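Data first, discussion second: the structure below is written as structure tokens.
2 protein chains.
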Amino acid sequence: MQIIQKLIDRTNNSLNINSLLDNIVISSRIRLARNIEEIPFTSNSNKDDRKKIFNLAKDIFDSKDIIKDSVFIDLGDYTQIERLFLVERHLVSQEHSKGGENYGVVINDTETISIMINEEDHFRLQALHSGLQLFSSWKLIDEIDEKLSKEVNYAFSPLFGYLTACPTNLGTGMRASVMLHLPALILTKQINKIIASVSKMDVIVRGLYGEGSKVLGDIFQISNQGAFGFKEEDIVKKIEEIAKYIVECEKTAREYLLKESRQVIEDKIWRAYGILKHCRTISSAESLSLISFLRLGVDLKIMPKSDIDFNFLNRMMLLIQPGHLQNIEKRRLDIKNRDILRADLIRKMLN
Amino acid sequence: MQIIQKLIDRTNNSLNINSLLDNIVISSRIRLARNIEEIPFTSNSNKDDRKKIFNLAKDIFDSKDIIKDSVFIDLGDYTQIERLFLVERHLVSQEHSKGGENYGVVINDTETISIMINEEDHFRLQALHSGLQLFSSWKLIDEIDEKLSKEVNYAFSPLFGYLTACPTNLGTGMRASVMLHLPALILTKQINKIIASVSKMDVIVRGLYGEGSKVLGDIFQISNQGAFGFKEEDIVKKIEEIAKYIVECEKTAREYLLKESRQVIEDKIWRAYGILKHCRTISSAESLSLISFLRLGVDLKIMPKSDIDFNFLNRMMLLIQPGHLQNIEKRRLDIKNRDILRADLIRKMLN
Chain A
7 MQIIQKLIDR TNNSLNINSL LDNIVISSRI RLARNIEEIP FTSNSNKDDR
57 KKIFNLAKDI FDSKDIIKDS VFIDLGDYTQ IERLFLVERH LVSQEHSKGG
107 ENYGVVINDT ETISIMINEE DHFRLQALHS GLQLFSSWKL IDEIDEKLSK
157 EVNYAFSPLF GYLTACPTNL GTGMRASVML HLPALILTKQ INKIIASVSK
207 MDVIVRGLYG EGSKVLGDIF QISNQGAFGF KEEDIVKKIE EIAKYIVECE
257 KTAREYLLKE SRQVIEDKIW RAYGILKHCR TISSAESLSL ISFLRLGVDL
307 KIMPKSDIDF NFLNRMMLLI QPGHLQNIEK RRLDIKNRDI LRADLIRKML
357 N
Chain B
7 MQIIQKLIDR TNNSLNINSL LDNIVISSRI RLARNIEEIP FTSNSNKDDR
57 KKIFNLAKDI FDSKDIIKDS VFIDLGDYTQ IERLFLVERH LVSQEHSKGG
107 ENYGVVINDT ETISIMINEE DHFRLQALHS GLQLFSSWKL IDEIDEKLSK
157 EVNYAFSPLF GYLTACPTNL GTGMRASVML HLPALILTKQ INKIIASVSK
207 MDVIVRGLYG EGSKVLGDIF QISNQGAFGF KEEDIVKKIE EIAKYIVECE
257 KTAREYLLKE SRQVIEDKIW RAYGILKHCR TISSAESLSL ISFLRLGVDL
307 KIMPKSDIDF NFLNRMMLLI QPGHLQNIEK RRLDIKNRDI LRADLIRKML
357 N
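Here the protein sequences come in this chain order: A and B. The opening residue of the first sequence carries number 7 in my numbering; numbering runs sequentially from there. The opening residue of the second sequence carries number 7 in my numbering; numbering runs sequentially from there.
Take a look at the structure:
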């Protein structure tokens, strides 16, 4: 599909994901759950209901100028490998990527917006920015939400707010989340304490691909637990505050590591570089874990190669993933061959 | 001590240890145990006995032309670090290096000969060559033995042959040993089978520093179990035959690895290179294990850097050892600093 190639080109050219704080906070995301009045939630809907939602969405996004430079995608037209690619770019959820008929997604050129159609809710509106920019993401998605609300009748109750398939989303339907890179908190074994303490504040901590996913590359996602009984602004503010608190903890841990065990940390970073630069086969989990050390190295100014910066490493993190590798190669690859091609790609990038 | 600096220079310049088969057989060694008549064995001797042996040896080796370009060393004049250096070069045994008064060793300029005085036996004569050259070693040490026997009265019985402190050395007093590098037999998990089968042939398999030492860098020492009831020539022949057999097994295993899992083996070799080239701290055990992969890489022509050859890697294996590092630095270093300096040295060598 053309859009996949466009996104690959975008990554190769200059995916500009440098911004304030994007060294520890990789990205910020706001997601809104919305449903259409008088049509059953996706979980209870039949094929006709889903078709109705799908066609409604297609009509609106194709004809109205709701999202600039966007494309409406029928996932049914996409192969498993192409869908995996979209998951790896956080444009489609893992669940949604497995869907059959009438599963859609709208994405814009800069990949800041994604609207999933017939996911757990009829509409899942998402805005994604690099670094800590929750308020920008909220502003962006709020505008889209506003426009969309003029085209459809949202299921809304004055008492409960937005009605959603899962009660945890009831009310604002909002989930605010940030992706954090926390290698020093892991190395200093403080991460579990931090997770426990933020969990008490109704915050969920998860892995790289959200719900039920493993922590890879020392990357954690934190987001609000409930959406009901809060104002949208308060949710955004709270997650932003907690993110800032964790960033401070991570910074302190990095300073501690540099002061107390500089040699050990330098060794880990350089070994990661040596392995990535020379290996002949490597899994994505190991790559992410080694790239994590390079990210730390860039931050601590331990990697002297000036062409290795966060932008470069963010690109590498995307490209080494199975869906990306297979879409770049334009063919299905088994694990063994993926691991070999991944090593080739990393070697080329580092040489 | 001057001799230490001389040996370090020798290593830095060109320690020529390339020869036939020295890729799998690293070195060949013949050792003869000899004692002087009517003086108790070292274990039962008193200080005066040991002084007598020591002075006798010093007189002979200082005045007679028994070993060309050799030096008589009183270990009492050497620091622990300098003694460790001599152990690492296989010129002195670990046991002998710990001795107090009247512990001597004669070594020649090319390090092919070492005569330990007051080790387990009064004299321990050793000839060491690179590669599989047991007959050359035997010829060399036999000449020295012949000359020495004209200067002293060896403890000898027509019935038992040479009398030695340990009954396992009785008879010829000979131990023939070869040092073998067997990474492919380890990777293919055949090594234990091989060790079991040669053990049945009265052959002992040990680690890098002989008796009781660990296997480091995939290097094994094999030697004859008993010295009694065999002709010297038969012992040498037997160890040579067994070495050749193991070399064949190792070669077959290497071919198998290349054929069946080239990618895996290339990956291991390149990762070893990447880590050695970039690490900031490393133990000698890890270094030896990674250098083992580089040796394998040179043999399998997987390391394209032409300046990395067996000679280079043999030098590296010597230089990274604790005694060498400390003598090069000319100061005592704790483990932490040794590991850092070792990484520095390896990095310099590989860049």
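From the three backbone atoms N, C-alpha and C, an ideal C-beta is built for every residue, glycine too. Since we're looking at a predicted model, the values are computed, not measured.
What are the partner residues of residue i, as DSSP defines its beta bridges?
i, result
"Arg40 of chain B", "B:Phe129"
"Asn333 of chain B", "For Asn333 of chain B, which the question treats as bridged, DSSP gives no partner whatsoever."
"Val31 of chain A", "A:Leu186"
"Tyr168 of chain B", "B:Phe162 and B:Gly177"
"Leu306 of chain B", "Paired residues: none, contrary to the question."
In this structure, how does DSSP classify residue i when only helix, strand and coil are distinguished?
i, result
"Ile326 of chain A", "coil"
"Met180 of chain A", "strand"
"Val211 of chain A", "strand"
"Phe162 of chain B", "strand"
"Phe316 of chain B", "helix"
"Ile228 of chain A", "strand"
"Leu339 of chain B", "coil"
"Ser205 of chain B", "helix"
"Ser293 of chain A", "helix"
"Ser51 of chain A", "coil"
"Ile271 of chain A", "helix"
"Arg348 of chain A", "helix"
"Leu134 of chain A", "strand"
"Asn357 of chain A", "coil"
"Ile288 of chain B", "coil"
"Gln139 of chain B", "coil"
"Ser25 of chain A", "Here Ser25 of chain A scores only 45 on pLDDT, less than 50, and its place in the model is too uncertain to base an answer on."
"Phe6 of chain A", "Outside the shown range of chain A (7 to 357) lies residue 6 of chain A, about which nothing can therefore be said."
"Glu157 of chain A", "coil"
"Ile192 of chain A", "helix"
"Arg16 of chain A", "helix"
"Leu282 of chain B", "helix"
"Leu146 of chain A", "helix"
"Lys220 of chain B", "coil"
"Ile10 of chain B", "helix"
"Ile252 of chain B", "helix"
"Lys243 of chain A", "helix"
"Ile197 of chain B", "helix"
"Lys265 of chain B", "helix"
"Lys57 of chain A", "helix"
If you check the beta carbons only, do residue i and residue j fall under 7 angstroms apart?
i, j, result
"Asp148 of chain B", "Pro189 of chain B", "no"
"Ile10 of chain B", "Phe78 of chain B", "no"
"Asp80 of chain A", "Gly110 of chain A", "yes"
"Glu256 of chain B", "Ile30 of chain B", "yes"
"Thr287 of chain A", "Asp345 of chain A", "yes"
"Ser34 of chain A", "Ser120 of chain A", "no"
"Gly280 of chain A", "Gly280 of chain B", "yes"
"Arg37 of chain B", "Arg181 of chain B", "yes"
"Glu107 of chain A", "Gly82 of chain A", "yes"
"Gly359 of chain A", "Phe234 of chain A", "Missing from the structure shown is residue 359 of chain A; chain A here goes from 7 to 357 and no further."
"Glu117 of chain A", "His330 of chain A", "no"
"Ser293 of chain A", "Ile326 of chain A", "yes"
"Ile275 of chain B", "Ile308 of chain B", "yes"
"Asn114 of chain B", "Ser69 of chain B", "no"
"Ala133 of chain A", "Asn41 of chain A", "no"
"Gln227 of chain A", "Ser155 of chain A", "no"
"Leu191 of chain A", "Ala291 of chain A", "no"
"Lys145 of chain B", "Ile72 of chain B", "no"
So, does the CB of residue i fall closer than 7 angstroms to a CB anywhere in chain C?
i, result
"Arg130 of chain A", "Absent from the structure: chain C. Protein chains present are A and B."
Practice problem: Run through the region 60 to 123 of chain B for me and flag every whole beta strand (DSSP E) of 3 or more residues, listed as ranges in chain order. | Solution: With a minimum length of 3 residues, the continuous beta strand (DSSP E) runs that stay inside the region 60 to 123 of chain B are 76 to 80, 110 to 114 and 119 to 123.
Quiz item: Does the region 238 to 247 of chain A come close enough to the region 306 to 324 of chain A to have 3 or more Cβ pairs within less than 8 angstroms?
Solution: Output reads no: the region 306 to 324 of chain A does not touch the region 238 to 247 of chain A.
Quiz item: Between the region 200 to 216 of chain A and the region 48 to 55 of chain A, do at least 3 Cβ pairs fall closer than 8 angstroms?
Solution: no
Quiz item: Are the region 98 to 105 of chain B and the region 113 to 127 of chain B in contact at 8 angstroms, needing three or more beta carbon pairs?
Solution: yes
Quiz prompt | the region 265 to 274 of chain B / the region 163 to 178 of chain B touching (three or more Cβ pairs under 8 angstroms) | solution = no
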